[in-house]
Amino acid sequence: MYGLYNIGIYFYSLIILVVSLWNKKAGLFRRGRKHGYKQWEIIGQDGAPVAWFHCSSLGEFEQGRPLMEAYRNRFPAHKILLTFFSPSGYEIRKNYTGADWVLYLPLDTPRNARRFVTTVKPKIVIFIKYDFWHNLLHALKKQAIPVYVASAIFRPPQAFFQWYGGFFRKMLHAYRYLFVQNEASKELLASIGITNVFVTGDTRFDRVWQLAQTPEKLPVIENFSAGQPTIIAGSTWLADEEKLAAAFAVLPANTKLVIVPHEIHEEHLAAIAKYFAPFGVTRYSMGRGARDTGDSLVHRVLVLDTIGMLSSVYRYGTVAYIGGGFGAGIHNTLEAAVYGIPVVFGPNYQRFREAGDLISQGGAACYTTGKELAGILQKWLAGNHAGNTNRQYVAQHCGATEAILKLLQG
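Sequential numbering from -7 applies to the sequence shown in our numbering.
In structure tokens, the structure reads:
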């Protein structure tokens, strides 16, 4: 299995090389790693203790951010190295001032792993949620460097718990502690002999609560909503937008819709404009004049053709729609729930415990058809919902950051 794993890594590298000739994201992935060795040497020669945090992409960064920032405050003599696997995380957060260095994670070849670990010489390593890389974990263990995973969640279908999962289970033995989100994860790990596990919760709760205390004021969004019932649709894909358009057609004429698509390339934006053309569509970049004039935008649909604003946009919503439920899985429901508004999403939400919890307490709903979505939105826009319980739910689940720090210090 080890040989197959390494062959898979090399094959993946070859695919990226070929695809990068025409795919922008693949090009960023390849070029971002091209001069990694020189950056590693700079870090290794710095002399300060290095705390290495790894986040697969942007979502894991937001999840790990409160822990990184609290760690820096608690250990000011340490320097922070932040790595990303995906360009969607690195390209957006490469200038993050909370870290001393922000790099791409090297591809997990045996040579890369040995060279990275022996050059950077981290004092402590914290992976956020997941990303299990065999060669890196082996190199860290060989150097006796403490490795942790924070806000992890485990499920029965994962390879660790299958009859063929011996190779994957070995990776879990590289961790000094595994900080997991729930008791179910702890029990699953115990079933395969992993007992160095602590249930500390999910640091995403700390992050969204922190953001909600000082939300950014967005005059364009405020002027657009103008006190009218407003739906904030976050991290949407075409499958979401198609159903939203059908539902929006039967909603009251004073209803506004703010769409924050997951991808903002021109082809996607054009498709959104086509779906919602009957209601009048404008882009955020075209409405920035409203900051100065105070005039409300005349269209019913506003599309954000920019990034990094979603968590602040939700505060202007009456209802939140969370995208991704007709694809790989829904995006972050907590960013909206913290503002005490109800949330609705598609059927693929089972991997996210909080989504089920919000449904059970009446602050969220799942739908499968445009007709179902319209009914939910009509009811909630009229005020018939329990969205206020969502904020209470978030508040009750804060505290993972402090719990993890205490265990790290202990």
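All C-beta atoms, glycine included, are put in the ideal place defined by N, C-alpha and C.
Same chain, Cβ closer than 6 Å to residue i, neighbours up to 5 away in sequence not counted
| i | result |
| --- | --- |
| Trp192 | As written in the sequence, residue 192 is Thr, which differs from the Trp given in the question. Around Thr192: Phe171, Ala392, Ala395 and Ile396. |
| Tyr2 | none |
| Pro41 | His70 and Lys115 |
| Phe159 | Met(-7) |
| Ser12 | Ala18, Gly19 and Arg22 |
| Asn15 | none |
| Gln353 | Thr381 |
Presumed contact (8 Å Cβ cut-off) between residue i and residue j, rounded CB distance
| i | j | result |
| --- | --- | --- |
| Leu243 | Gln370 | 7 Å |
| Asn127 | Ala105 | 4 Å |
| Ala356 | Val335 | 5 Å |
| Ile224 | Tyr308 | 7 Å |
| Glu61 | Gly90 | 5 Å |
| Leu180 | Phe153 | 6 Å |
| Ala239 | Leu365 | 4 Å |
| Pro98 | Arg25 | 6 Å |
Cβ-based neighbour list, residue i, same chain, cut-off 8 Å, excluding 5 preceding and 5 following
| i | result |
| --- | --- |
| Leu20 | Pro79, Tyr82 and Glu83 |
| Gly0 | none |
| Arg406 | Absent from the model: residue 406. The displayed extent of the chain is -7 to 402, so no value can be given. |
| Asp232 | Ala225, Tyr313, Gly315, Gly316, Gly317, Phe318 and Gly338 |
| Val10 | none |
| Arg66 | Leu397 and Gln401 |
| Ala407 | Absent from the structure is residue 407, since the part of the chain shown begins at -7 and ends at 402. |
Backbone CA spacing between residue i and residue j [nearest angstrom]
| i | j | result |
| --- | --- | --- |
| Ile256 | Phe268 | 16 Å |
| Asn382 | Val330 | 6 Å |
| Gly272 | Gln342 | 35 Å |
| Thr298 | Met(-7) | 43 Å |
| Ser143 | Lys121 | 5 Å |
| Phe146 | Tyr313 | 26 Å |
| Ala387 | Trp201 | 7 Å |
| Arg103 | Gly185 | 30 Å |
| Leu74 | Asn246 | 45 Å |
| Arg23 | His254 | 23 Å |
| Arg64 | Gly56 | 12 Å |
| Val295 | Tyr4 | 35 Å |
| Thr274 | Leu261 | 10 Å |
| His46 | Lys209 | 31 Å |
| Gln135 | Trp93 | 22 Å |
| His389 | Glu175 | 14 Å |
| Arg345 | Leu326 | 11 Å |
| Asn340 | Asp123 | 21 Å |
| Phe119 | Trp229 | 28 Å |
| Arg196 | His27 | 32 Å |
| Phe76 | Trp125 | 13 Å |
| Val293 | Ile251 | 7 Å |
| Tyr(-3) | Tyr88 | 33 Å |
| Lys398 | Asn324 | 27 Å |
| Leu164 | Gly157 | 11 Å |
| Leu203 | Glu52 | 16 Å |
| Ala241 | Pro270 | 9 Å |
| Lys86 | Asn376 | 43 Å |
| Met301 | Trp155 | 44 Å |
| Leu6 | Gly219 | 53 Å |
| Asn215 | Val311 | 17 Å |
N- and C-terminal bounds of the beta strand (DSSP E) containing residue i
| i | result |
| --- | --- |
| Pro253 | Lys248 to Pro253 |
| Ala241 | Looking at the DSSP string, Ala241 is not in any beta strand (DSSP E), and its letter there is neither H nor E. |
| Tyr2 | Note, Tyr2: premise wrong, no beta strand (DSSP E); alpha helix (DSSP H) at Tyr(-6) to Val11. |
| Lys71 | Lys71 to Phe76 |
| Ala43 | Val42 to Cys47 |
| Val273 | Val273 to Arg275 |
| Val336 | Val335 to Phe337 |
| Leu95 | Trp93 to Tyr96 |
| Ile223 | Thr222 to Thr228 |
| Ala357 | Ala356 to Cys358 |
Cβ-based neighbour list, residue i, same chain, cut-off 7 Å, excluding 5 preceding and 5 following
| i | result |
| --- | --- |
| Leu132 | Val109, Val117, Val139 and Ala166 |
| Gly332 | Gly379, Asn380, Asn382 and Arg383 |
| Lys178 | Val172, Val189 and Val191 |
Beta-carbon spacing of residue i, residue j below 7 Å
| i | j | result |
| --- | --- | --- |
| Lys266 | Gly362 | no |
| Pro149 | Leu373 | no |
| Gly338 | Gly367 | no |
| Gly315 | Ser227 | yes |
| Asn49 | Pro207 | Correcting the residue identity first, residue 49 is Ser in this sequence and not Asn. The answer is no: Cβ separation not under 7 Å. |
| Ala43 | Ile72 | yes |
| Pro58 | Asp198 | yes |
| Val112 | Gly36 | yes |
Boundaries (first-last residue) of the alpha helix (DSSP H) holding residue i
| i | result |
| --- | --- |
| Ile84 | Pro79 to Arg85 |
| Tyr29 | Gly28 to Asp38 |
| Trp372 | Gly362 to Leu373 |
| Arg25 | Here Arg25 belongs to no alpha helix (DSSP H), and DSSP marks it neither H nor E. |
| His126 | His126 to Lys134 |
| Trp201 | Thr195 to Gln205 |
| Ala328 | Leu326 to Ala329 |
| Gly56 | Leu50 to Arg66 |
| Ile264 | Glu258 to Tyr267 |
C-beta neighbour in chain B for residue i, strict 7 Å
| i | result |
| --- | --- |
| Gly193 | In the displayed structure, chain B is absent; only one protein chain is listed. |
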